[in-house]
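Report on the structure given below.
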Amino acid sequence: MTDSLSLALHEHFGHSHFRPLQREIIESLLQGNNTLAILPTGGGKSLTYQLPSLLQDGLTIVISPLLSLIRDQTEALNRKGIHVARLDSTQSTEEKNEVIQELKSGKVKLFYTSPESLARPDLLESLKSINISLIAIDEAHCISEWGHSFRPSYLYLPKLIRKLKPQAVLALTATATKKTASSIRKLFKIKQSEQFSSSHRRANLQFRIVPTLTDSKKSHLLEALTNPAKLPAVVYVMRQEHCEEIAHFLSSHGLNTRSYHAGLNNEVRNKIQDAFLKDEIEIVVATIAFGMGVDKANIRSVIHYHLPKSPEGWMQESGRAGRDGLESHCLLLACQDDTIPLQNFTEAKRVSKTTLTNFLTKLYSQGKLAKISPYHARVQHDIQSSVMDITLAHLEIKGHLQYKEFSWRYIKLYPLYGRPDSLESYPPKVRKALQHILSLDDRYDTHCSQEDFGISTTVLWKHLLCLQQSGSYKLMKSGWLWHFAIKNPETDLELMTDELFTTLDTQRNQEILKLQQVVKIANSTSCLPNQLAKWFGEKVSDPCGVCSSCKGEKRPRKLPHSKLPELSETQLSILHELIEHPKKRFKTNQQLTRFLCGIGSLYLRHYWLNKHKYFGLLSEYPYEDVLAHVRASLNAHD
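Going by full-length UniProt numbering, the first residue of the sequence shown is number 1, and it counts up by one from there.
If you want it as structure tokens, here you go:
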């Protein structure tokens with residue numbers, strides 16, 4: 001096996017040797033063992049599923065939340081002549097259907113998709129009939145509530161994977177504490193003996209902390225980036241507006257810089273990413289999404305302009321530097337003030353028992369089959385998307401409901417080539433409905449089809465899709481709906497509310513604990529890489545010798561912070577003005593507190609309140625303090 005693996009490695013990827021633990025992981029998978037691989041960023045995780053996919057019969061499925069990784073690896077492997085396909089949210093319905101047909105043909109060796117896409121009933125049904133040799137789960141820490149970037153969509157994966165019956169499962173992560181690793185092993189039925197973990201420490205990374213007030217950060221940043229030896233660089237910031245502000249500042253000082261964030265469209269983001277990979281851009285100022293799955297080995301500096309949200313995030317983002325093994329720099333511009341907005345984001349996820357009860361009552365009042373509009377549910381109940389996703393995921397895992405399918409409520413139909421084709425072949429009622437929809441300037445509500453034309457919504461959609469497939473008509477769909485089967489309509493909603501409230505509260509407290517740990521490490525005078533490694537349960541001995549602490553750089557005992565003034569009379573007056581506004585948009589304490597702290601929600605966006613001149617009026621103040629003022633003034637429930 002040893003010789004054949006080395007030969008295959010050289011033949012397919014041109015490498016003469018394996019990186020640490022790659023061989024052991026691959027051998028475990030080829031023996032049919034479910035395996036957990038904890039390798040640092042740049043440790044060669046992708047090879048551990050790419051090589052086995054070429055050595056086994058059947059399909060290898062790679063599940064990843066990272067669109068950049070899916071796109072880049074698909075393109076790179078196709079260039080090598082390996083038949084690879086992908087299915088993700090950026091593709092049209094037609095493209096997705098083509099991919100499913102391609103999978104059925106048996107020609108595809110590697111298939112990349114997201115956890116959300118894997119749950120599609122049509123895709124899942126097609127994959128059940130295919131021989132699957134391996135399923136690899138990238139960013140596997142997302143499944144654990146103890147992980148630093150918990151994603152509810154990952155909670156469905158164990159159940160989906162059991163339906164697909166792969167020969168082996170590979171869970172991959174760069175950052176997992178002992179608790180997170182244990183959770184991953186339990187969920188994917190991985191023996192402890194099949195966990196392979198390398199050290200989180202990398203000798204070529206030099207960690208440095210510069211304690212600073214917010215006003216001094218830009219000068220420290222400029223000082224760090226004017227040295228050509230420390231470029232290319234990634235600067236991580238907290239919010240989209242920081243991306244634009246800092247990128248403009250660096251550009252104005254002659255540095256080749258671009259901003260990268262979710263507010264830019266896919267095409268622009270891809271161009272920036274490609275230019276950075278080709279060294280056409282020296283510095284990217286980004287939110288934390290940038291760099292995940294981006295294969296650039298020569299990043300010389302990673303700078304955290306703001307405090308990271310967790311030790312895992314700090315380690316993972318810093319690990320994007322120096323993947324070529326050369327000396328690289330990881331700088332944190334540390335200010336205690338950063339904890340306020342970070343903690344505010346977490347506190348804003350609060351949901352009251354009243355809100356949970358209202359949401360569950362609406363869901364269960366529909367009987368055995370419930371439909372939810374994700375958009376309207378989040379607006380009506382003012383629930384953050386992550387909170388609603390966690391709620392629904394836990395209800396499904398506990399067996400209270402089952403996701404069935406999704407549909408669209410509204411339709412706009414128009415001919416592609418001017419004059420519509422004849423509809424004479426359609427049944428009279430259907431023909432009448434289609435003619436009516438074609439005559440409308442506005443969209444049609446398909447839920448009215450039974451009352452308007454005597455045909456069910458299902459029948460109408462069947463014929464609408466036939467029209468679309470004919471190639472002569474285009475459908476514009478909107479009003480996304482999720483369909484759930486309610487397993488026990490008589491469930492005790494009060495008990496369910498209490499369970500969900502506890503789950504959400506635990507999740508929020510865990511996030512706050514991780515932020516507090518970041519501050520603790522930043523204040524420590526011990527070796528920084530060792531402090532981070534200890535968080536992951538790693539036993540460390542020798543200090544690195546090159547970080548701020550090891551070099552004995554003088555730092556204050558506590559991070560610098562600004563003194564917040566008491567709320568002014570003007571601010572208090574504005575608060576009362578908002579409360580007494582005739583439209584009464586702020587119906588709960590949480591709504592007004594989020595607004596004042598500058599934390600967006602779908603409810604605020606729906607009513608354009610995120611564009612209001614007073615949005616973020618008290619963003620520098622702790623959420624709890626603002627909430628206390630609101631409670632005293634608004635006299636509403638949370």
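No residue lacks a Cβ here, since even glycine has one placed at the ideal position from N, Cα and C. Small disclaimer: the values here were computed from a predicted structure and weren't measured.
Residue interval of the alpha helix (DSSP H) (run including residue i)
i, result
"I25", "Q22 to L30"
"H329", "No alpha helix (DSSP H) holds H329; the beta strand (DSSP E) holding it covers S328 to A334."
"K474", "Taken as a continuous stretch (DSSP letters only), K474 belongs to no alpha helix (DSSP H), being part of the beta strand (DSSP E) at Y473 to I486."
"Q590", "N589 to C597"
"T48", "L47 to L55"
"I437", "P428 to S439"
"R269", "N266 to L277"
"V519", "L493 to N523"
"I38", "From DSSP, I38 is part of no alpha helix (DSSP H) but of the beta strand (DSSP E) over T35 to I38."
"T458", "T457 to Q469"
"Q73", "L67 to R79"
Beta-carbon spacing of residue i, residue j below 9 Å
i, j, result
"T287", "H261", "yes"
"A370", "I486", "yes"
"N131", "L54", "no"
"K353", "T497", "yes"
"L187", "I143", "yes"
"P121", "K404", "yes"
"L332", "I283", "no"
"K230", "S318", "no"
"L222", "Q384", "no"
"R323", "K296", "yes"
"L123", "K96", "yes"
"C544", "Q206", "yes"
Buried or exposed (CB count within 10 angstroms, at least 16 for buried), residue i
i, result
"M1", "Low local confidence applies: a pLDDT of 46 at M1 is under 50, so the model's placement there is unreliable, and no value is given."
"P311", "buried"
"K349", "buried"
"M238", "buried"
"S16", "exposed"
"C466", "exposed"
"A85", "buried"
"T506", "exposed"
"F276", "buried"
"P341", "buried"
"K104", "exposed"
"E624", "exposed"
"D88", "buried"
"W314", "buried"
"L9", "buried"
Coarse secondary structure for residue i, derived from DSSP in three states
i, result
"P232", "coil"
"S259", "strand"
"Y607", "coil"
"K613", "coil"
"V169", "strand"
"residue 641", "The question about residue 641 has no answer here: the residues shown for the chain are numbered 1 through 638."
"S301", "strand"
"Q384", "coil"
"K128", "helix"
"L5", "helix"
"L205", "strand"
"P211", "strand"
"L134", "strand"
"L423", "coil"
"A286", "strand"
"D445", "strand"
N-terminal and C-terminal residue of the beta strand (DSSP E) that residue i is part of
i, result
"R409", "L401 to P415"
"A85", "V84 to L87"
"L110", "L110 to T113"
"F196", "Q195 to S197"
"K371", "L369 to I372"
"I63", "L59 to I63"
"K246", "The sequence shown places Ile at residue 246, rather than the Lys named in the question. Here I246 belongs to no beta strand (DSSP E); instead the alpha helix (DSSP H) covers Q240 to S252."
"T346", "Per DSSP, T346 belongs to no beta strand (DSSP E); it is in the alpha helix (DSSP H), T339 to E347."
Proximity test, Cβ basis, 9 Å: residue i and chain C
i, result
"T60", "Given the protein chain composition of this structure (a single chain), no chain C is represented."
Count Cβ pairs between the region 23-38 and the region 164-178 that sit closer than 8 Å; are there 3 or more?
yes
Counting pairs of beta carbons, one from the region 593-606 and one from the region 526-545, are three or more of them closer than 8 Å?
no
Meets three-Cβ-pair contact criterion under 8 Å: the region 263-277 and the region 212-231
no
Using a Cβ distance threshold of 8 Å, determine whether the region 35-45 contacts the region 189-200, with at least three qualifying pairs required.
yes
Is the region 571-579 in contact with the region 618-637, if contact means three or more CB pairs nearer than 8 Å?
yes
The region 440-460 contacting the region 373-381, beta-carbon criterion three pairs below 8 Å
no
Answer yes if the region 408-421 comes into contact with the region 520-527, meaning at least three C-beta pairs across the two stretches below 8 Å, and no otherwise.
no
Say whether the region 508-517 touches the region 419-433, bearing in mind that this needs 3 or more beta-carbon pairs closer than 8 Å, one atom from each stretch.
no
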